[in-house]
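Numbering (the working numbering), first residue to last: 727 to 783.
Note sheet for the following structure.
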């Protein structure tokens with residue numbers, strides 16, 4: 727994914743979060759995350775993404 731494509735996806739996610747509202751945003755993020763993690767070829771890759779995200783907080 728190019729930088730421009732990543733920016734487009736990020737912007738769309740931000741707009742979608744604004745549309746669904748603060749109360750439903752966590753559910754939307756969970757649904758998106760599960761769908762994207764499901765596209766990982768191996769469970770270890772998905773687990774590493776989760777660990778990296780936690781460390782980055």
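Don't be surprised by glycine CBs; every beta carbon is placed ideally from N, CA and C.
Span of the alpha helix (DSSP H), counted from its first residue to its last, around residue i
i           : result
residue 733 : 729-746
Reduced DSSP category for residue i - H, G, I as helix; E, B as strand; rest coil
i           : result
residue 766 : coil
residue 750 : coil
residue 783 : coil
Residue i vs residue j beta-carbon contact at 7 Å
i           : j           : result
residue 778 : residue 772 : no
Rounded C-alpha distance that separates residue i from residue j
i           : j           : result
residue 744 : residue 754 : 11 Å
residue 738 : residue 781 : 25 Å
residue 815 : residue 774 : It is not possible to answer for residue 815, since the shown part of the chain is limited to 727 through 783.
residue 733 : residue 727 : 10 Å
residue 746 : residue 752 : 10 Å
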